[in-house]
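*Asks:*
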């Protein structure tokens with residue numbers, strides 16, 4: 197029996213790295229009097245557009261808002277069908293419903309946890325209008341196969357890049373490969389604005405429509421109307437939404453984004469440390485990936501080999517938590533949530549690969565804020581629990 201050692205202080209899962217520059221910038225924003233959508237949002241948009249090498253970036257209040265606006269922009273209407281992986285956060289499918297469409301769920305691959313392209317085509321009908329891909333944990337989806345399918349059936353492709361700010365696929369940056377990309381800057385993401393998101397596209401039409409929809413359907417946003425050029429009257433061109441980002445949020449982003457490589461390198465170092473330390477344990481480690489992709493290292497996920505353990509995944513989580521190590525679960529598949537079971541008739545067994553992952557998955561801390569001692573605590577705690585729980589130990 198290996199002895200358990202409890203950390204003195206709870207290690208928060210996904211705790212963000214906030215540095216002094218962000219704090220000063222937020223204070224400057226508060227003193228400026230321009231707290232809502234203003235010059236710092238515009239600055240952040242331009243920085244992100246340059247980072248992605250794309251024509252348009254529109255800052256919004258969340259990735260959920262970005263997905264909703266993207267779906268409207270590509271023309272999703274009442275009862276249009278949209279392909280969505282079942283192994284994702286609920287927002288991916290919820291946004292389809294908000295746009296008036298029907299999410300059609302597809303299983304994911306066990307190894308990559310990404311949408312399985314081989315299972316997409318069988319779900320396409322004459323009502324299918326778009327595919328949402330989720331670059332799960334920061335690993336890009338096989339976009340060549342997705343684009344072949346989209347071209348064959350004339351479907352729009354929306355990239356859910358909530359996990360994949362830095363990711364690249366065969367030299368192309370995520371969020372620039374499909375028609376529209378949607379990003380998250382939520383507090384657990386690779387760079388953060390607390391709450392917030394971004395839409396990227398090369399389409400002037402989509403960009404203009406999304407920018408208008410994000411602020412009530414106004415013809416010009418608040419910054420344009422109250423700039424030094426004088427007051428401009430606005431018109432409502434569509435019953436839009438309150439999805440705009442604030443300058444307070446952008447104050448974080450304009451300092452987080454320049455550190456993206458620094459943070460990526462730190463997470464990769466922790467990722468490699470975990471990989472080396474967890475070899476030989478009753479777990480499945482993240483699948484290898486080729487040089488053709490850049491992984492964003494957003495989530496480090498272990499899959500428990502529960503057939504060779506005396507504890508369940510939930511029991512493992514409870515033990516980690518009691519020993520002051522915060523963990524995550526990504527995710528309970530969409531089709532197993534009550535709303536989707538009741539409305540669409542999904543049931544357990546419909547998507548076996550996603551269910552297999554979901555029953556075994558645990559995400560470990562992977563923040564650039566983690567110190568070496570923190571990562572070592574994670575490793576020692578995982579090892580202790582798994583070795584004590586290993587069958588025939």
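In our numbering, the protein residues as written are 197 to 589.
Where is the CB? At the ideal position from N, CA and C, for every residue including glycine.
When the Cα atoms are used, what is the spatial distance from residue 302 to residue 558?
*Replies:* The residue given as residue 302 occupies position 106 in the chain shown. The residue given as residue 558 occupies position 362 in the chain shown. The alpha-carbon atoms of residue 302 and residue 558 are separated by roughly 22 Å.
*Asks:* Based on Cα-Cα distance, which residue from 430, 265 and 526 lies nearest to residue 331?
*Replies:* One-based indexing of the chain shown puts residue 331 at position 135. For residue 331, the nearest C-alpha among the options comes from 526.
*Asks:* So, residue 374 versus residue 354, is the Cβ gap smaller than 8 Å?
*Replies:* As a first step, residue 374 must be located in the chain shown, where it is residue number 178. As a first step, residue 354 must be located in the chain shown, where it is residue number 158. Yes, these two residues count as a Cβ contact at 8 Å.
*Asks:* Count Cβ pairs between the stretch 211-230 and the stretch 333-341 that sit closer than 8 Å; are there 3 or more?
*Replies:* Because the criterion of three Cβ pairs below 8 Å is not met, the stretch 211-230 and the stretch 333-341 do not touch.
*Asks:* If you compare alpha carbons, which of 362, 357, 361 and 319 is closest to residue 345?
*Replies:* On the chain shown, residue 345 is found 149 positions in, with the first residue counted as 1. Here the closest residue by C-alpha is 319.
*Asks:* Could you check the C-alpha separation between residue 208 and residue 252 for me, to the nearest Å?
*Replies:* As a working mapping, residue 208 is identified with position 12 in the chain shown. As a working mapping, residue 252 is identified with position 56 in the chain shown. When rounded, the distance between both Cα atoms is 35 Å.
*Asks:* Return helix, strand or coil for residue 288, following the three-state DSSP convention.
*Replies:* Taking the first residue of the chain shown as position 1, residue 288 is located at position 92. Helix, per DSSP.
*Asks:* Along the alpha helix (DSSP H) that carries residue 346, what are the first and last residues, could you check?
*Replies:* What you label residue 346 is simply residue 150 of the chain shown in a count that begins at 1. Start and end: 339-349.
*Asks:* When you compare only the Cα positions, how much space is there between residue 521 and residue 199?
*Replies:* Reading the chain shown from its first residue, position 325 is the one you call residue 521. Reading the chain shown from its first residue, position 3 is the one you call residue 199. Going by the C-alpha atoms only, they are around 16 Å apart.
*Asks:* List in chain order: all unbroken alpha helix (DSSP H) runs of 4+ residues lying wholly within the stretch 523-576.
*Replies:* For the stretch 523-576, whole alpha helix (DSSP H) runs of length 4 or above, ordered along the chain, are 534-540 and 548-556.
*Asks:* Could you tell me which residues DSSP puts in a beta bridge with residue 327?
*Replies:* Taking the first residue of the chain shown as 1, we reach residue 327 at position 131. Residue 327 is bridged to 279 and 353.
*Asks:* Which same chain residues end up closer than 8 Å to residue 391 when comparing Cβ atoms and leaving out the 5 residues on each side of it in sequence?
*Replies:* Here residue 391 corresponds to residue number 195 of the chain shown, with the count starting at 1. The residues are 257, 258, 381, 382, 383 and 445.
*Asks:* If you follow the alpha helix (DSSP H) that residue 225 is part of, which residue opens it and which one closes it?
*Replies:* Taking the first residue of the chain shown as position 1, residue 225 is located at position 29. Per DSSP, residue 225 belongs to the alpha helix (DSSP H) from 216-228.
*Asks:* Can you tell which of 443, 510 and 279 has the C-alpha that lies nearest to the C-alpha of residue 554?
*Replies:* Counting from 1 along the chain shown, the entry for residue 554 is found at position 358. Of the candidates 443, 510 and 279, the one whose C-alpha sits nearest the C-alpha of residue 554 is 510.
*Asks:* For the alpha helix (DSSP H) containing residue 444, name the first residue and the last one.
*Replies:* Against the chain shown, residue 444 aligns to sequence position 248. From DSSP, the alpha helix (DSSP H) with residue 444 extends over 443-452.
*Asks:* From the DSSP output, read off the bridge partner residues of residue 379.
*Replies:* Within the chain shown, numbered from 1, the residue matching residue 379 stands at position 183. 394, per the DSSP bridge assignment.
*Asks:* Quick check: the stretch 490-504 against the stretch 348-363, are there 3 or more CB pairs under 8 Å?
*Replies:* In short, these stretches touch, since the Cβ pair count reaches three.
*Asks:* Measure the C-alpha to C-alpha separation of residue 239 and residue 454 and round it to an integer number of angstroms.
*Replies:* Position 43 of the chain shown holds residue 239. Position 258 of the chain shown holds residue 454. Residue 239 and residue 454: Cα-Cα distance of roughly 13 Å.
*Asks:* For residue 309, name the three-state secondary structure that DSSP assigns.
*Replies:* As a first step, residue 309 is located in the chain shown; it is residue number 113 there, counting from the start. Looking at residue 309 - three-state DSSP - the assignment turns out to be coil, as it is neither helix nor strand.
*Asks:* With burial defined as no fewer than 16 other Cβ atoms inside 10 Å of the residue's Cβ, what is the status of residue 266: buried or exposed?
*Replies:* For the purposes of this step, residue 266 is taken as residue 70 along the chain shown, with counting starting at 1. Its Cβ being crowded by 16 or more others within 10 Å, residue 266 is buried.
*Asks:* Nearest to residue 273 by CA position, among 323, 366 and 225, is which residue?
*Replies:* Taking the chain shown and counting its residues from 1, one reaches residue 273 at position 77. Answer by Cα proximity: 323.
*Asks:* With burial defined as no fewer than 16 other Cβ atoms inside 10 Å of the residue's Cβ, what is the status of residue 281: buried or exposed?
*Replies:* As a working mapping, residue 281 is identified with position 85 in the chain shown. By the 10 Å Cβ count, residue 281 comes out buried.
*Asks:* Does the separation of the CB atoms of residue 532 and residue 585 fall below 8 Å?
*Replies:* Here residue 532 refers to the residue found at position 336 of the chain shown. Here residue 585 refers to the residue found at position 389 of the chain shown. For residue 532 and residue 585, no; Cβs fall outside 8 Å.
*Asks:* For the beta strand (DSSP E) containing residue 252, list its first residue and its last residue.
*Replies:* The residue labelled residue 252 in the question sits at position 56 within the chain shown. Looking at the DSSP string, the run of the beta strand (DSSP E) that includes residue 252 is 252-256.
*Asks:* Apart from the five residues just before and just after residue 295, which ones in its own chain have a Cβ nearer than 7 Å to its Cβ?
*Replies:* Indexing the chain shown from 1 puts residue 295 at position 99. Answer for residue 295: 264, 267, 268 and 272, listed in chain order.
*Asks:* Where residue 408 and residue 451 are concerned, what is the direct C-alpha to C-alpha distance, given to the nearest angstrom?
*Replies:* By one-based count along the chain shown, residue 408 stands at place 212. By one-based count along the chain shown, residue 451 stands at place 255. Going from the Cα of residue 408 to the Cα of residue 451 covers about 27 Å.
*Asks:* Smallest Cα separation from residue 250: which of 503, 485, 398 and 499?
*Replies:* Counting from 1 along the chain shown, the entry for residue 250 is found at position 54. When each option's Cα is compared against that of residue 250, the closest is 398.
*Asks:* How big is the Cα-Cα spacing for residue 551 and residue 243?
*Replies:* Within the chain shown, numbered from 1, the residue matching residue 551 stands at position 355. Within the chain shown, numbered from 1, the residue matching residue 243 stands at position 47. In a straight line, the C-alpha of residue 551 is about 39 Å away from that of residue 243.
*Asks:* If you compare alpha carbons, which of 261, 325 and 582 is closest to residue 279?
*Replies:* Here residue 279 corresponds to residue number 83 of the chain shown, with the count starting at 1. The option with the nearest alpha carbon to residue 279 is 325.
*Asks:* Can you tell me where the alpha helix (DSSP H) with residue 235 in it begins and where it stops?
*Replies:* Start at 1 with the first residue of the chain shown, and residue 235 comes out as number 39. From DSSP, the alpha helix (DSSP H) with residue 235 extends over 235-248.
*Asks:* Which residues mark the beginning and the end of the beta strand (DSSP E) in which residue 498 is found?
*Replies:* The count along the chain shown starts at 1 and reaches residue 498 at position 302. Start and end: 496-500.
*Asks:* For residue 342, which option in 372, 549 and 311 has the closest C-alpha, if you only look at C-alpha atoms?
*Replies:* Walking along the chain shown from the start, residue 342 turns up at place 146. If we check each option's Cα against that of residue 342, 311 comes out closest.
*Asks:* Under 7 Å Cβ to Cβ from residue 488, same chain only, skipping five residues before and after it: list those, please.
*Replies:* Indexing the chain shown from 1 puts residue 488 at position 292. 366, listed in sequence order.
*Asks:* Alpha carbon to alpha carbon, how far is residue 203 from residue 573?
*Replies:* The residue labelled residue 203 in the question sits at position 7 within the chain shown. The residue labelled residue 573 in the question sits at position 377 within the chain shown. About 7 Å.
*Asks:* Quick check on residue 471: buried or exposed, where buried means 16 or more other Cβ atoms within 10 Å of its Cβ?
*Replies:* One-based indexing of the chain shown puts residue 471 at position 275. The residue in question, residue 471, is exposed, as its Cβ has fewer than 16 Cβ neighbours within 10 Å.
*Asks:* Sort out for me which residues DSSP pairs residue 304 with in a bridge.
*Replies:* Here residue 304 refers to the residue found at position 108 of the chain shown. Answer by DSSP bridge pairing, in chain order: 311.
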